[in-house]
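Residue numbers (this note's numbering): 38 to 690.
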């Protein structure tokens, strides 16, 4: 029975079914109860966790946590709480026990109601799975009458209809407290696909050195090969299974306690790029710090970044120093572009070439490219038009000329959509030569993401389509300069959703702000945005990381003004479950109130959905539906009422 740890006649209000004890509660919790049974020799598959579909509503002496009770509690079923409490009182989450609660006033009395809901039960179900228990029991059926989310959660966690493949787990103290004495706990993480892998990363680690230990095993039990034994405060790092399972065992002695550990884990080898949060505004040069997390034993091959600026409209980049961005969100083609051939127009947030009788169209723009950097050219395209032709499209880069037929001296990456070919060409004195002609399964009228890396030092050109290696060629006599890029189509009506040029980066980059043509951001701009992408040694790509800030220069004054918002705290954004299926639960913990938007983007920066929410001080709870969103990686951004991105989270579906 995993409930009534605090009961109706209890002298203290508190969680009915605490997962952890933290520093607020006694050590009798679901975690300890599970350990007790398993250490007595119970087979995990024979042990089921009973969970409550109800809570207790106590009158209390104070609004403090914990608080002494006055009299017995009233029992509140989940459906009663949904009908009467949600939307009326503010739901809060106790991070010590990972249980939700309401504190409110009724009839002049302070009351506390503790219960479990979809978010907190999901964490308990994760422990059932990690400890390989036999399942759950419910007290009682029907207590959620009229609401489907608890049944949907059971389907998500315990049936083959959903793939349970990520999570976070802690020692018995949870995220807030120390672990217990004399622990001996085992957790097994397994991918549902027998051919899959598991990756885990320690995000916190602190045990009593030389006495309390964490063991990592490469397999489904502690009999599998030992990957490492860890004790003390040095973070063990990241581990990836050779098969489809990893096992974690933790032991503690009977003396000194410590905060323990936190582990994030997921299936597969998703690589993560992140940008450390920027201040709300800057009035001078600033530094952007980048983090790259390569999993499955892959390291960083190239990191790329792009700085952008906006005056309240489209985001543009400084092409004088090799950056370029056009998302084609305006109503007309930006004057940076020049049409040399073809019929180009803006349509549905893309630039569209409509003449499929033309075998060589040309929309070009100046971008200064040089030989001391590694470059990333990134675009998204869809070829339409008559199937009488061999439809094709691509991008010229490192071009010496913009308007000439084949752009002088240049390279171009090309997709032949009807012939299923990914190609790389070199152009010399306006004559092109095919250098790589690789098979790739294309389909007309379908969007494709193209990334081309060019290293002028080695001459290596790598073309990726939908993040998959498609073609490669090394030029023994590489071009070291270029002044233009050019979008090219042949006998196709092709859409280009965006065109971007990135430069290589390190772990940090100085972002110059000023009036010089070589400054990354002009001092008159209102906002600055930084993008980051990473290519890894296993030829996989990270998510697209993004960070925004304001520019606080004041024109025609001698004083640079920095608003008070510079030092104001930013809200916290929590997303659960992640990976998700039909929806994600969102918790916004805000230092103040106001309107905000939750916007879901794909990794190409394309907006998929937006919700406008009224944010109150404290914890705010929302749901973002993912119905109709394909499986993949996405960014969920919290945008404040001034249009600034306050927080963003990577969402996996």
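For every residue, glycine included, the Cβ atom is placed at its ideal position computed from N, Cα and C.
Cut-off 7 Å between Cβ atoms - residues of its own chain near residue 57, not counting five sequence neighbours on either side: Around residue 57: 66, 68, 133, 134, 135, 207, 209, 210, 211, 214.
Residue 443: buried (16+ other C-beta within 10 angstroms of its C-beta) or exposed? Label assigned to residue 443: buried.
DSSP three-state assignment for residue 196, whether helix, strand or coil: Here residue 196 sits in coil by DSSP.
Whole-Å CB distance - residue 428 paired with residue 529, under 8 Å assumed: 4 Å between Cβ atoms; contact.
What number of angstroms, rounded off, separates the C-alpha of residue 512 from the C-alpha of residue 493? In a straight line, the C-alpha of residue 512 is about 9 Å away from that of residue 493.
DSSP-derived helix/strand/coil call for residue 577: For residue 577, the three-state secondary structure derived from DSSP is coil.
Please tell me whether, using a cut-off of 7 Å, the distance from the CB of residue 88 to the nearest non-hydrogen atom of the ligand ADP is below it. Here there are no bound small molecules, and the ligand ADP is not part of this structure.
Using the three-state DSSP reduction, which class does residue 429 fall into: helix, strand or coil? For residue 429, the three-state secondary structure derived from DSSP is strand.
Does the count of Cβ pairs from the segment 79-92 and the segment 143-160 closer than 8 Å reach three? With the rule of 3 Cβ pairs closer than 8 Å, the segment 79-92 counts as touching the segment 143-160.
Using 8 Å as the threshold, is the C-beta distance between residue 691 and residue 399 below it? Past the edges of the chain, shown from 38 to 690, lies residue 691, and the structure says nothing about it.
Alpha helix (DSSP H) runs wholly inside the segment 341-405, at least 4 long, in chain order: Whole alpha helix (DSSP H) segments, 4+ residues: zero.
Buried/exposed call for residue 83, threshold 16 Cβ in 10 Å: Residue 83 is exposed by the Cβ-count criterion.
contact_flag[the segment 268-279, the segment 318-327] where n(CB pairs < 8 Å) is 3 or more: Short answer: they don't touch.
Put residue 438 into one of helix, strand or coil per three-state DSSP. Residue state for residue 438 is assigned as coil, using DSSP reduced to three classes.
Note the first and the last residue of the continuous alpha helix (DSSP H) segment covering residue 162. Judged by DSSP secondary structure, residue 162 falls within the alpha helix (DSSP H) whose first and last residues are 155-167.
Do you know offhand how far residue 47's Cα is from residue 678's? Cα to Cα, the separation comes out at about 45 Å.
Just list the residues that DSSP pairs residue 485 with in beta bridges. Answer by DSSP bridge pairing, in chain order: 418.
Rounding to the nearest angstrom, what Cα-Cα distance links residue 458 and residue 504 in this structure? Using only the alpha carbons, I get a separation of about 16 Å.
Name the one or two DSSP bridge partners that residue 2 has. In this structure the chain extends from 38 to 690, so residue 2 is not present and cannot be described.
Rounded separation between residue 98 and residue 53 - CA only: A direct Cα-Cα distance of roughly 19 Å separates residue 98 from residue 53.
Identity of the residue in 611, 383, 496, 392 nearest residue 472 by Cα: That would be 496, whose Cα lies nearest to the Cα of residue 472.
Assuming contact is defined by CB atoms lying nearer than 8 Å, are residue 229 and residue 202 in contact in what I supplied? It is a contact, given that the beta carbons lie within the stated cut-off.
Below 8 Å between beta carbons: does that hold for residue 342 and residue 572? Contact annotation: residue 342 and residue 572 have beta-carbon atoms that are not nearer than 8 Å.
Excluding the five sequence neighbours on either side, which residues of its own chain have a C-beta within less than 7 Å of the C-beta of residue 467, listed in chain order? Around residue 467: 441, 442, 443, 445.
Note the first and the last residue of the continuous alpha helix (DSSP H) segment covering residue 35. Outside the shown range of the chain, which is 38 to 690, sits residue 35, and nothing can be said about it.
Pick from 313, 255, 481: whose alpha carbon is nearest that of residue 425? Of the listed residues, the one whose Cα sits closest to residue 425 is 481.
CA nearest to the CA of residue 579, picked from 460, 125, 520, 671: Minimum Cα-Cα distance from residue 579 among the listed residues 460, 125, 520, 671 corresponds to 671.
Under 6 Å Cβ to Cβ from residue 508, same chain only, skipping five residues before and after it: list those, please. Around residue 508, the same chain offers 459, 461, 473, 475, 500 as residues with beta carbons nearer than 6 Å, after the five sequence neighbours per side are excluded.
Backbone CA spacing between residue 651 and residue 178 [nearest angstrom]: One Cα belongs to residue 651, the other to residue 178, and the distance between them is close to 34 Å.
Does the distance from the CB of residue 226 to the CB of residue 282 come in under 8 Å? Cβ distance < 8 Å, so residue 226 and residue 282 count as in contact.
Could you please give me the residues that DSSP links to residue 173 through a beta bridge? Per DSSP, 86.
Here's a check: name, in chain order, each residue in its chain whose Cβ is nearer than 6 Å to the Cβ of residue 391, leaving out the five neighbours to either side. Counting only residues of its own chain and dropping the five nearest sequence neighbours on each side, residue 391 has a CB closer than 6 Å to the CB of 380, 530.
Should the segment 70-85 be regarded as contacting the segment 107-119, the criterion being three or more beta carbon pairs within less than 8 Å? No, because fewer than three Cβ pairs between the segment 70-85 and the segment 107-119 fall closer than 8 Å, the two stretches do not touch.
Cβ of residue 634 within 8 Å of Cβ of residue 666? Not a contact, by the Cβ cut-off of 8 Å.
Where does the unbroken beta strand (DSSP E) through residue 512 begin, and where does it stop? For residue 512, no beta strand (DSSP E) encloses it, and the DSSP letter there is neither H nor E.
What is the C-beta distance between residue 251 and residue 302, in whole angstroms, given that I count them as a contact (C-beta under 8 Å)? About 14 Å separates the two Cβ atoms, so there is no contact after all.
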